[in-house]
Amino acid sequence: MRRTVLFALALMLVVGCGESEQAKRAKVAGWVAQLKADPSLADKEAFTKQLTDYADIAAPAFAGLLKERDRKVQIAALKVLAQLKRLSVVDDIAAAAESPDPQVRIAAIQTLAAFGSPTTVRPIMERLRDPDPRVRAAAVEGLAGPGGRDAPPYLREVLPHLVTALDDPHPLIRQAAVNGLVKLRQWSLQALAKVREHGSPVARVEAAKAFRQICEALRADLDPQKNTDRLARRDTARYLGELRYRPAIPDLIKGLSDVDPEVRTACAYALGNMKAKTAASQLRKIMEDGKEEMPVRVAAAVALGQIGDMAGVRFLIDQLKSTDEKVRAAAVDALRTIGKPAARLLMQAARGDDPLQRWGALAALGETGDPRVAPVLLRALRDQSPDVRAVAAAALGKLRYRQAAPQLVRALGDPNERVQAHAEWALERLGDDALPALQKGAERSSLRWRIFRLMGRLKTRRAVSTLLEGLKDPNPRVRAMAAWALGEIGDRRAIAALQAALSDNSADVRREAALALGKLKATDAQSLLAERLRIDPDERVRAALQLALHRLATP
8 MRRTVLFALA
18 LMLVVGCGES
28 EQAKRAKVAG
38 WVAQLKADPS
48 LADKEAFTKQ
58 LTDYADIAAP
68 AFAGLLKERD
78 RKVQIAALKV
88 LAQLKRLSVV
98 DDIAAAAESP
108 DPQVRIAAIQ
118 TLAAFGSPTT
128 VRPIMERLRD
138 PDPRVRAAAV
148 EGLAGPGGRD
158 APPYLREVLP
168 HLVTALDDPH
178 PLIRQAAVNG
188 LVKLRQWSLQ
198 ALAKVREHGS
208 PVARVEAAKA
218 FRQICEALRA
228 DLDPQKNTDR
238 LARRDTARYL
248 GELRYRPAIP
258 DLIKGLSDVD
268 PEVRTACAYA
278 LGNMKAKTAA
288 SQLRKIMEDG
298 KEEMPVRVAA
308 AVALGQIGDM
318 AGVRFLIDQL
328 KSTDEKVRAA
338 AVDALRTIGK
348 PAARLLMQAA
358 RGDDPLQRWG
368 ALAALGETGD
378 PRVAPVLLRA
388 LRDQSPDVRA
398 VAAAALGKLR
408 YRQAAPQLVR
418 ALGDPNERVQ
428 AHAEWALERL
438 GDDALPALQK
448 GAERSSLRWR
458 IFRLMGRLKT
468 RRAVSTLLEG
478 LKDPNPRVRA
488 MAAWALGEIG
498 DRRAIAALQA
508 ALSDNSADVR
518 REAALALGKL
528 KATDAQSLLA
538 ERLRIDPDER
548 VRAALQLALH
558 RLATP
């Protein structure tokens, strides 16, 4: 027990626990006196480290040294305050940033920057107009704060100033802007891309310099010995892939052996983005490794496909047969990523015996944007599997293949509702190009309701004559849809027919006709609408009539 008490007392003496406020202040005063006598102590870790546990008391005490006349003492105090990072002394540091001595102003700016706080941005910005270019340069770089992987909370505020400084006539300030943008790392890349594309010749040179330095810093972050954060390594690989920074290819190939599967996956995708042929053998090895995790194998296959190695495409097409829905979905997404280079093999797979493989191949073909795949998709509209027919219809819509309109109109009559819905969506994507086929299809009573709904969505005046005929259809559901579509199109030629429809024996038709007249602002129908409001027996119709009259009364 005695030993425990003695140990606790010793520990309290070491860490300063139990010290009175007065004792702490006395100790801090001693350190302040030491720094005043020997400003070089600010550069010694042993001296600054001991201040950490007393930061709240020490910061105001050392801020008092900023009023000393000795420049070395002022700069030493600023270095200490940069270590303590107490916002309570920001005003004192900001005052030092207005010192007549440019070296003190620079040191004060660097201290404010070390805080990395929105509170310090404003006093740094005020020095952007300093008469001394060295101070302005310090302010420009200082806007970026201490740097790091995370986006600073004041990024949007400072980034425009850093970008503008890339075009400054003074080389010192341009270099400071480069340094600041490099500190911001990936968070400045989008702004740098705009400068590299649209900036002045001088700014483009500086932006390219910053871009290279950021990419080199990202390369270093791929090394697991230097960067133990697996998510940071993963994100770094993604950035390098998006940037297509080819000097990083060797590092990304090494990353294929990373202990973390997410990092390996990101490295594979990045190599594919760069079409890194030197990585092909390693990627093929990973893809064929049955012990490797499937997302990594899929990423390797995608990369091979992007490089031009069709072994990757064949692997992905084989995965379309998987009974695991997640694996099939991943394979489809991967084939979409590869795009046109995969089209030939996908067209072969779309004719295969396995319906799952046919479905996946067609889904991917729709994303290629290659009109040469259209015949395969049209054939698939007659497939035995409703899932295959549905995805074929959707794929034709994505391609906007207007020659498919007649077949898509026929698909509106498919016995499967999903096929009908996908065909309707595809026809809507075709727009006015689908109208002749829709008008022809409207001759079939079974398709009329869906076709009229499509015509209303397309809002094309060329459909008005067909819809006016539709108001005479024996099916009240079709007549109601025709009235709705005419209201959506907004052609005043429909007013007379819609007025007549207010007397239809179907309440649904009367309701849609009333709403359509309101949309058309048919003021000449106002008296008829009011009359129908008085006599119509259906509550829903009367509500529609009231709404129509309200629209007519509204300017």
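Under our numbering, the first residue of the sequence shown carries the number 8, and numbering increases by one thereafter.
C-beta: ideal position from N, C-alpha, C; glycine also.
As the structure is a prediction and not an experimental result, all values here were calculated from the model.
- For residue 458, the number of other beta carbons within 10 angstroms of its own is at least 16, and it is reported as buried.
- If you draw a straight line from the Cα of residue 155 to the Cα of residue 279, it comes to about 28 Å.
- Between the stretch 159 to 172 and the stretch 122 to 137 there are three or more inter-stretch CB-CB distances shorter than 8 Å, so the stretches are counted as touching.
- Around the beta carbon of residue 137, a 10 Å sphere encloses 16 or more other beta carbons of the protein chains shown; the residue is thus reported as buried.
- Within the same chain, 540, 543 come within 7 Å of residue 549 by CB-CB distance, once the 5 residues on both sides are set aside.
- A contact between stretches requires three or more CB pairs, one per stretch, nearer than 8 Å, and the stretch 390 to 409 meets this requirement with the stretch 353 to 366.
- Taking C-beta atoms under 8 Å as the contact rule, residue 498 and residue 516 fail to qualify, at a distance of about 18 Å.
- Excluding its 5 nearest sequence neighbours in each direction, residue 141 has C-beta neighbours in its own chain below 7 Å: 109, 113, 179, listed in chain order.
- Sorting 534, 523, 532 by C-alpha distance to the C-alpha of residue 551 places 523 at the top.
- Relative to the Cα of residue 348, the nearest Cα in the group 319, 333, 327, 360 belongs to 319.
- Under the DSSP assignment, residue 391 falls outside any alpha helix (DSSP H); it carries neither an H nor an E label.
- Rounded to the nearest whole angstrom, the C-alpha separation of residue 427 and residue 355 is 26 Å.
- Residue 117 counts as buried, since at least 16 other C-beta atoms from the protein chains shown sit within 10 angstroms of its C-beta.
- Residue 483: member of the alpha helix (DSSP H) spanning 483 to 496, first to last residue.
- Of the residues 506, 412, 264, 418, the one whose Cα lies closest to the Cα of residue 390 is 418.
- Taken in chain order, the complete alpha helix (DSSP H) segments of 4 residues or longer contained in the stretch 331 to 373 are 332 to 345, 350 to 356, 362 to 372.
- Separation of residue 73 and residue 95 (C-alpha to C-alpha, rounded to the nearest whole angstrom) is 14 Å.
- Closest in alpha carbon position to residue 453, among 416, 466, 442, is 416.
- With a threshold of 16 other beta carbon atoms within 10 Å, residue 63 falls short and is exposed.
- Residue 525 is a Cβ neighbour of residue 555, given a cutoff of 8 Å.
- One thing to note: residue 314 has its Cβ no nearer than 8 Å to the Cβ of residue 303.
- Classified as exposed, residue 197 has fewer than 16 neighbouring CB atoms from the shown chains inside 10 Å of its CB.
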